[in-house]
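See structure below.
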Amino acid sequence: MTTIDTRGLSCPQPVILVTRELAAGKGSFEVLTDSECSLENIARLLESRNIMFETEQKDDHTIIKAKKV
Amino acid sequence: MTTIDTRGLSCPQPVILVTRELAAGKGSFEVLTDSECSLENIARLLESRNIMFETEQKDDHTIIKAKKV
Amino acid sequence: MKKNFFSTKAGIITAGSLIGITAALLVYLGNPKNMGFCIACFERDIAGGLGLHRADVVQYIRPEIIGIMIGALLLSLMKGEFRPRGGSSTVIRFFLGVFAMIGALVFLGCPWRAFIRLAGGDWNAILGILGLITGIAIGSYFIKSGYSLGRNYSQSRAAGYIMPGFMLFIFALLIFNFPKLFNSITGPGSMKAPFIISIIAGLIVGGLAQRSRFCTMGSIRDIVLVKDFHLFFGVASFTIAVFIMNMILGQFKAGFEGQPIAHTMHIWNFLGMTLSGFAFSLAGGCPGRQLILSGEGDTDAGVFVLGMITGAAFSHNFAMASSPAGTGQFGMWGTVIGLIFTFTIAFTMTMKRKSV
Amino acid sequence: MKKNFFSTKAGIITAGSLIGITAALLVYLGNPKNMGFCIACFERDIAGGLGLHRADVVQYIRPEIIGIMIGALLLSLMKGEFRPRGGSSTVIRFFLGVFAMIGALVFLGCPWRAFIRLAGGDWNAILGILGLITGIAIGSYFIKSGYSLGRNYSQSRAAGYIMPGFMLFIFALLIFNFPKLFNSITGPGSMKAPFIISIIAGLIVGGLAQRSRFCTMGSIRDIVLVKDFHLFFGVASFTIAVFIMNMILGQFKAGFEGQPIAHTMHIWNFLGMTLSGFAFSLAGGCPGRQLILSGEGDTDAGVFVLGMITGAAFSHNFAMASSPAGTGQFGMWGTVIGLIFTFTIAFTMTMKRKSV
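Protein chains in written order, with the numbering used here: chain C, 90 to 158; chain H, 90 to 158; chain G, 26 to 381; chain W, 26 to 381.
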């Protein structure tokens, strides 16, 4: 499973990294983010592509777990 | 062996951390530093206490290896 | 994941509309024409109020700017989103702020004001917005190629409170009427909505922009870069709201000539905003967004704001700022040097990324 | 480990003496009396030259400051010590710089000038140096208790070149005689050694200080904190060299009254330097050291320098700077607010450390 660590990156880099991952074939991946804004942007991107995901709240960041179909 | 990571710390913190280590009983220890200035200050401190040490140059930092007597 | 209404399409449209209504009302209540909320102009007025430049028609500690940052601080604290952070090429951001301001004052307005001017019928804004799109497109090209200022890191809470603390401090100077503050007697700096309205408007806009992540630069960048129209809905509803309010309040006047605090030198309206848009895209947010991020504890955005205030001082001290008569004596120099600087940063911070 | 002569006792004494001789010669050749090299005063002159304040007797882009940073850049590049870094509470450092400058201009000099004034027979400097020791002792107490602004991180090369680039840019403005620069006609800002001497002197002092890690604040701090007299030998030899040169050149005049660019309000000489010394110790270096670190690629030190320049602007715009007549109208307020700020930073950044 690929892990994309977007912590500490400014907009729009987190979204771009996830977009690239989505273009790179099938499989599961997870995204780490420490910004509410990035979390919302990534969630909106995944929703627009009809990709199911769940989020897990860690101490100082959130993990978004998704599976490309 | 204790490792004291002084990388990225401003003067005089590296020297203070080493001073504390020297006060804390016997044994070997190593100090990581990424600043020439801190390296010189620590070397001067160890020399003034007659403590033998050697340095090893890594990619982006220096390791000072010393043994308290 | 808790749901944030303002992150939905309905939410950003609501936020954009409310911010636009506020901007038009502020003009009606006394703020300079087609300015309402101009982040760059108002930070320039603050630079003047603090005595950092000598353009005596644009000096006033604008409560709107203070309100925006404090509004964002309060909302982010309430929502658990206050997170002190920094260390992402901070010193580069300072100078991006300097040049973003220099470009904005060649055009005479930040991206916010570009849309406000458009909604007031000032067609010179079209040149500015075309420049803005050009600058953001250039920035987006570099971002796509791997441009990054690097990660930020967690900082202490004290660091996160520094910029809001600075804003509260100058607010205190203003309300206690500190005698060494500069205050314009004539000109745009003397045109102001009632103090209490200004600060409340700032707080509301700061809160709304914090929740909705409203960003004028981002609205164009996201279209260019990932064909995402989310933020654009916010900016479009903002512009439409200002337009409708202007019609209602009799503030709409179409044309190129004789527009308030504007000039008609098309090429420099275009290039000034190209520089500004480019610099904002490299820094990751429009001037309003930088205030919001500062309120949320982003100290890099805070240093960018300090850079903008300093840039305003240089703009006026070095005769780079435009006036209704046209560009300043050295405005072209400032724009060209700014473009050289931003291109240099864009190139070096892209190459660096590739080599990693 | 390669040996650096200037890190030995003989080396720091050599460096200190040469810097002192240079300072005295600069006065002889035209720089303001007992100023020679005053980092704070000269950064204040630069703030004035850029138009950030309106005290028209202290405006000049001092080549010495530019030379020091560029000298340190060149030496650090040659010796492989140029290492771009940053992100250690950068925004806090900006405001430590602001208040360090406000304190220095209450006393009328930075730590360098305090020793230069002493070596010129200005006994008011004794109060300043006592204040300096007090401020540094307070800072040292917090450092001993765990105070830290946190680690810095590697930054891109571009980031490391920003501050030297800024210095070269204002240097270019100076040599091309940019018409919007401010230049004092009278007063200390108009007193200058020949341009070419000033820039060469700066380069030499920058190189020497880079190799020797010369730091006036550090010389006192290291005695208080770890009973290390190494840096003190440098500052002592610096002071003695200035004194001997002053005797030779007929520049020594003992007393409290009528000293050049100095006042006799003992309590404020003391408290101004207490604030300044406290702020420098929290930031990890005296104003000269901050210039050197900026030249070595430390962007946090660079932002501190920008803070000092901004602080100079506030000092004069808000009537906080002293003059030979005594403290400014709001100098006491500036000092008190500065002490509140520095104590707040010292407390919060110590408590934070303890909880880790």
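All C-beta atoms, glycine included, are put in the ideal place defined by N, C-alpha and C.
Query, Result
"Under 8 angstroms by Cβ, that's how I've got Thr115/G and Asp323/G pegged, so tell me the actual separation to the nearest angstrom.", "Not really, about 11 angstroms apart at Cβ, beyond 8 angstroms."
"Using a beta-carbon distance cut-off of less than 7 angstroms, what residues from the segment 307-333 of chain G approach chain W?", "Thr324, Gly327, Val328 and Leu331"
"Out of curiosity, what's the CA-to-CA distance linking Thr367/G and Ala338/G?", "19 angstroms"
"Where Val381/W and Ala371/W are concerned, what is the direct C-alpha to C-alpha distance, given to the nearest angstrom?", "Only weak support is given to the placement of Val381/W: the predicted model assigns it a pLDDT of 41, under 50, and the question is left unresolved by the model."
"Apart from the five residues just before and just after Ala144/G, which ones in its own chain have a Cβ nearer than 7 angstroms to its Cβ?", "Thr264, Val267, Phe268 and Asn271"
"Considering Cα atoms alone, identify which of Gln354/W, Lys252/W and Arg87/W is closest to Val104/H.", "Lys252/W"
"Going by other Cβ atoms of all chains shown within 10 Å of its Cβ, with 16 needed for buried, is Pro189/G buried or exposed?", "buried"
"List the endpoints of the continuous beta strand (DSSP E) containing Lys156/C.", "Thr151 to Lys157"
"Chain C beta carbons: is any one of them nearer than 8 angstroms to that of Ile168/G?", "yes"
"Spatial neighbours of Ile38/G within its chain, please: CB distance less than 7 angstroms, with the 5 preceding and 5 following residues excluded, ordered by chain position.", "Phe258, Gly259 and Ser262"
"Give a yes or no on whether the minimum CB-CB distance between Gln180/G and chain W is below 8 angstroms.", "yes"
"Over the uninterrupted alpha helix (DSSP H) stretch that includes Ile200/W, give me the two end residues.", "Arg182 to Ile200"
"Return the residues of the segment 105-127 of chain H that lie within a Cβ-Cβ distance of less than 9 angstroms from chain W, sorted by chain order.", "Ile105, Thr108, Asp123, Ser124, Glu125 and Cys126"
"Do you know how far the Cα of Ala113/H is from the Cα of Ile248/W?", "22 angstroms"
"Give me the Cβ distance between Ser209/G and Val83/G, rounded to the nearest whole Å; I'm assuming they're in contact under 8 angstroms.", "6 angstroms"
"Output, in chain order, the set of chain H residues within a Cβ distance shorter than 7 angstroms of Phe247/W.", "Phe is not the amino acid found at residue 247/W; the sequence shown has Asp there. Going along chain H in sequence order, the residues near Asp247/W (Cβ under 7 angstroms) are Pro101."
"Based on the DSSP secondary-structure assignment, which residues constitute the bridge partners of Gly111/W?", "Tyr178/W"
"So, does the CB of Asn342/G fall closer than 8 angstroms to a CB anywhere in chain W?", "yes"
"Can you tell me whether DSSP reads Thr241/W as helix, strand or coil?", "helix"
"Would you kindly check if the distance between the Cβ of Ala226/W and the Cβ of Gly92/W is under 8 angstroms?", "yes"
"In its own chain, which residues sit with a C-beta less than 7 angstroms from the C-beta of Asp147/G, not counting the 5 before and 5 after it?", "Asn59, Gln284 and Ala287"
"Between Thr108/H and the rest of its own chain, which residues show a CB-CB distance below 6 angstroms, the 5 nearest in sequence each way excluded?", "none"
"Taking the alpha-carbon positions, what's the Arg236/G to Ala308/W distance?", "35 angstroms"
"So what does DSSP say about Ile93/H, is it helix, strand or coil?", "strand"
"Find the nearest neighbour of Met242/G within the set Ala35/G, Gly112/G, Asp81/G and Ala129/G, judged by alpha-carbon distance.", "Ala129/G"
"Can you grab the Cα-Cα spacing for the pair Glu68/G / Arg133/H, in whole Å?", "49 angstroms"
"Per the contact definition of three or more C-beta pairs closer than 8 angstroms, is the segment 349-368 of chain W in contact with the segment 288-302 of chain W?", "yes"
"When we look at the beta-carbon of Gly313/G and count the other beta-carbons within 10 Å, is it buried (16 or more) or exposed?", "buried"
"With a cut-off of 8 angstroms, does the C-beta of Glu136/H fall near any C-beta of chain W?", "no"
"What's the gap between the Cα of Ala154/H and the Cα of Glu136/H?", "Sequence check: residue 154/H is Lys here, not Ala. For Lys154/H and Glu136/H, the distance between alpha carbons rounds to 13 angstroms."
"Hey, is Ser380/G's beta-carbon within less than 8 angstroms of any beta-carbon in chain C?", "Low local confidence applies: a pLDDT of 46 at Ser380/G is under 50, so the model's placement there is unreliable, and no value is given."
"Got a sec, what are the start and stop residues for the beta strand (DSSP E) Gly116/C sits in?", "Gly116 to Thr122"
"Taking DSSP's pairing of strands, which residues face Ser348/W in a bridge?", "Gly351/W"
"Taking C-beta to C-beta, are Thr91/C and Thr122/C nearer than 8 angstroms?", "no"
"For Thr144/C, collect the residues of the same chain with a Cβ closer than 6 angstroms to its Cβ; drop the 5 residues on either side in sequence, then sort them by chain order.", "Thr151 and Ile153"
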